[in-house]
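**Student:** This structure is in structure tokens; I'll ask about it shortly.
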Amino acid sequence: MEIQINHKPFEVGAGASLEEVLAKAGVPAEGVAVAVNNRVVARRDWASTQLEEGAKVTVIRAVCGG
Numbered sequence: 000m001e002i003q004i005n006h007k008p009f010e011v012g013a014g015a016s017l018e019e020v021l022a023k024a025g026v027p028a029e030g031v032a033v034a035v036n037n038r039v040v041a042r043r044d045w046a047s048t049q050l051e052e053g054a055k056v057t058v059i060r061a062v063c064g065g
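Be aware that the sequence shown starts at 0, since it is given in numbering that gives the first Met the number 0, and climbs by one per residue.
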């Protein structure tokens, strides 16, 4: 099935969890915030969050500096 990660198409298997998709996409588990369809998902819920066709995943990375 196709989803979007930061507005880019991404193919995943049906029933994939958010945790599986982020790992496949190379997104680190630390230093990021993730939303699915504009709703923030706590890291503790990544494994239990199942994605559906057309889901829009937004990954925001923390950046140090000033």
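Glycine is no exception: its CB is placed at the ideal position from the N, C-alpha and C atoms. Note that the structure is predicted; figures quoted are calculated from it, not measured.
Is E1 helix, strand or coil by DSSP?
**Tutor:** In this structure, E1 counts as strand in the three-state DSSP scheme.
**Student:** What is the DSSP secondary structure of V20, reduced to helix, strand or coil?
**Tutor:** V20 falls in the helix class under three-state DSSP.
**Student:** Leaving out the 5 sequence neighbours to the left and right, which residues in its chain are closer than 6 Å to K55 when beta-carbon positions are compared?
**Tutor:** Taken in chain order, the residues that qualify are Q3, N36.
**Student:** Rounded to a whole number of angstroms, what is the C-alpha to C-alpha distance between A22 and E52?
**Tutor:** The alpha-carbon atoms of A22 and E52 are separated by roughly 18 Å.
**Student:** Given P8, which residues of its chain have a CB within under 7 Å of its CB, disregarding the five upstream and five downstream residues?
**Tutor:** Closer than 7 Å at Cβ, skipping near neighbours: E1.
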